[in-house]
Amino acid sequence: MRVLGIDPGLRNMGWGVIDVQGSRLSHVANGICHSVGDDLAVRLLSLFDQLSHVLRTYAPDAAAVENTFVNKDGAGTLKLGQARGIALLVPAQAGLPVGEHAPNAVKKAVVGVGHADKVQVQHMVRLQLPGVVFKGPDAADALAIAICHAHHLQSAGHLARAIQRAAG
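According to this note's numbering, the stretch in the sequence shown is residues 1 to 168, in order.
1) Closer than 8 Å is the cut-off here; do at least three beta carbon pairs connect the segment 54-67 with the segment 91-108?
2) Starting from asparagine 104, trace the alpha helix (DSSP H) both ways and give me its first and last residue.
3) Relative to the C-alpha of alanine 64, which residue among Val110, Asp7, Ala83 and Val132 is closest?
4) Identify whether aspartate 19 lies in helix, strand or coil by the three-state DSSP scheme.
5) Report, in whole angstroms, the separation of the C-beta atoms of alanine 146 and glycine 5, which I expect to be a contact under 8 Å.
6) Between the Cα of arginine 2 and the Cα atoms of Asn12, Val125, Gly14 and Asp19, which residue gives the shortest distance?
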């Protein structure tokens, strides 16, 4: 299974693609979509186009997007929410199931602690994806989101099989 992780942002939208075979994870690609233009609509369209290109290029089977936290700047939160809408729309439009994960859940899945810092997260992503070279911190976060989603999918699969055995 191929999983796309997306770290939404209006200026920089990180993305990371991993392959999952059982409990084995491997890095496929990572990068950052940089919005272009001054107008909000044009910036969102550029993110849409770039993320659509990533999906066409790497053909993931599932996607995951990090949940947005609300900060003190209402206008900034709203703009981030619009970028997050693009991050949800593009894979959904391609027919992919899209998971959503809170930042603390991502950190807990990757590091084992929900309040880990970025350095710890990047270190653990490097351990789980040997040889990975991050295109930037947003791409590293996106890979962490993909890893979290892979663990979530594996757990859900184990649970579904256990329920099936119990019912059968």
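Backbone N, C-alpha and C define an ideal beta-carbon position, used for all residues, glycine too.
So, from the data block:
1) yes
2) 103-111
3) Asp7
4) strand
5) 3 Å
6) Answer by Cα proximity: Asp19.
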